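Number of protein chains: 2
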Amino acid sequence: MSNLELKVLDQDAEAVACCSPMVREPLDEEAAADLAKMFKALADPVRLRLLSLIASHEGGEACVCDLTGPFDVSQPTISHHLKVLREAGLVGSERRGTWVYYWVLPAALAKLSSLLQAPAGASAGAAR
Amino acid sequence: MSNLELKVLDQDAEAVACCSPMVREPLDEEAAADLAKMFKALADPVRLRLLSLIASHEGGEACVCDLTGPFDVSQPTISHHLKVLREAGLVGSERRGTWVYYWVLPAALAKLSSLLQAPAGASAGAAR
DNA sequence: TCCTTGTTTCGACGTCTGTCGATACAGCGA
DNA sequence: TCGCTGTATCGACAGACGTCGAAACAAGGA
Numbered sequence: 160m161s162n163l164e165l166k167v168l169d170q171d172a173e174a175v176a177c178c179s180p181m182v183r184e185p186l187d188e189e190a191a192a193d194l195a196k197m198f199k200a201l202a203d204p205v206r207l208r209l210l211s212l213i214a215s216h217e218g219g220e221a222c223v224c225d226l227t228g229p230f231d232v233s234q235p236t237i238s239h240h241l242k243v244l245r246e247a248g249l250v251g252s253e254r255r256g257t258w259v260y261y262w263v264l265p266a267a268l269a270k271l272s273s274l275l276q277a278p279a280g281a282s283a284g285a286a287r
Numbered sequence: 160m161s162n163l164e165l166k167v168l169d170q171d172a173e174a175v176a177c178c179s180p181m182v183r184e185p186l187d188e189e190a191a192a193d194l195a196k197m198f199k200a201l202a203d204p205v206r207l208r209l210l211s212l213i214a215s216h217e218g219g220e221a222c223v224c225d226l227t228g229p230f231d232v233s234q235p236t237i238s239h240h241l242k243v244l245r246e247a248g249l250v251g252s253e254r255r256g257t258w259v260y261y262w263v264l265p266a267a268l269a270k271l272s273s274l275l276q277a278p279a280g281a282s283a284g285a286a287r
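Right, dumping it as structure tokens:
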């Protein structure tokens, strides 16, 4: 198979990738537990859609009342999912008068994004 | 947060990505369900460490025998987690003689990474 | 003040998930 | 061929998770 070549390419690219902690060195136990909490918050279709709804909403923030409509689940369930996202540090929230607004915390997403950065141009059908 | 800016700049070259960041437009139901499966595979400390062990292993691939040592859990449990990673499309595997080798599929990681990319300035009000 | 609307919390329920030991399967070497 | 080592599957179990309806809390208006 081409696995031999594969690994050589991977190794090559790894030298170039400067910001990919997970690929560069094994995660220690504590870091893994910490990161797993964030990924767990993303590991639900409703929460993923909530996050993208918030992030792509005009002004970068959304009222809860904007978020309940698009889903089939009950409003308390939405509230629960928002709480999970908030406690994972992925979103912030604030009450302003009658409504509660949520916004994405870009630093948290960036942290996960950089962690997952894989050597570009490596195997597995990656064009390039 | 200079860290964030740095990150975004670095990923400039990675516009290769297949998906636009979820901050640009809301995920549809189907895409969210699909992505949630991958994030679910990452949502466990043992699997995160397994993935980073594999990715950072010499040659970009690792034998199962290299992966059972660092963990407190049993060998069947490791095997189970590897299966989850494989079925999520995050790693590939192959038996070569006595041993089974696993390697990371960079395209999958890149897909998730690009999805989580946050626009540098967007909702920077997060300083709030 | 009371009522209405928006949001969160509570308690309960069924399902999914991580873990184990026991066991089956796959190659290699004697 | 047999036995040994490496890996995967099976069956079971406790705990975590997503969901709901009911109820509590918060803010504004009549």
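Sequence lines, in order, name chains X and V. Just add 159 to wherever you are in the first sequence, counting from 1, and you've got the working numbering. Just add 159 to wherever you are in the second sequence, counting from 1, and you've got the working numbering. Glycine residues also receive a C-beta, built at the ideal position from the N, C-alpha and C atoms. Remember, it's a predicted structure, so these values are computed and weren't measured experimentally.
Taking residue i as the reference, which of the options has the closest Cα?
i, options, result
"V:Ala-269", "X:Gln-276, X:Ala-190, X:Leu-271", "X:Gln-276"
"V:Arg-206", "X:Arg-254, X:Val-243, X:Phe-198", "X:Phe-198"
"X:Leu-226", "V:Pro-185, V:Met-181, V:Pro-235", "V:Pro-185"
"X:Ala-247", "X:Ala-267, X:Val-232, X:Asp-231", "X:Ala-267"
For the putative contact between residue i and residue j, defined by C-beta atoms under 8 Å, what is the C-beta separation to the nearest angstrom?
i, j, result
"X:His-240", "X:Leu-271", "Wrong, their Cβ atoms sit about 18 Å apart, outside the cutoff."
"X:Trp-258", "X:Glu-220", "Their Cβ separation, rounded to whole angstroms, is 11 Å, which puts X:Trp-258 and X:Glu-220 out of contact at 8 Å."
"X:Pro-204", "V:Ala-195", "4 Å"
"V:Ser-200", "V:Leu-244", "It is Ala, not Ser, that sits at residue 200 of chain V in the sequence shown. About 6 Å; that satisfies the 8 Å criterion."
Pull up the distance between the alpha-carbon of residue i and that of residue j, whole angstroms please.
i, j, result
"V:Ser-238", "V:His-216", "18 Å"
"V:Arg-183", "X:Ser-252", "20 Å"
"X:Val-250", "V:Pro-265", "27 Å"
"X:Arg-255", "V:Gln-234", "52 Å"
"X:Gly-218", "V:Leu-274", "20 Å"
"X:Ala-191", "V:Tyr-260", "22 Å"
"X:Leu-212", "V:Cys-224", "43 Å"
"X:Thr-236", "X:Lys-242", "10 Å"
"X:Asp-202", "X:Pro-180", "Here residue 202 of chain X is Ala; the residue named in the question, Asp, does not match the sequence. Those two C-alpha atoms are separated by around 21 Å."
"V:Asp-231", "X:Cys-222", "44 Å"
"V:Glu-189", "X:Asp-193", "28 Å"
"V:Asp-187", "X:Asp-187", "35 Å"
Classify residue i as helix, strand or coil using the three-state DSSP reduction.
i, result
"X:Val-182", "helix"
"X:Ser-252", "strand"
"X:Val-232", "coil"
"V:Ala-192", "helix"
"V:Ala-202", "coil"
"X:Ala-214", "helix"
"V:Ala-247", "coil"
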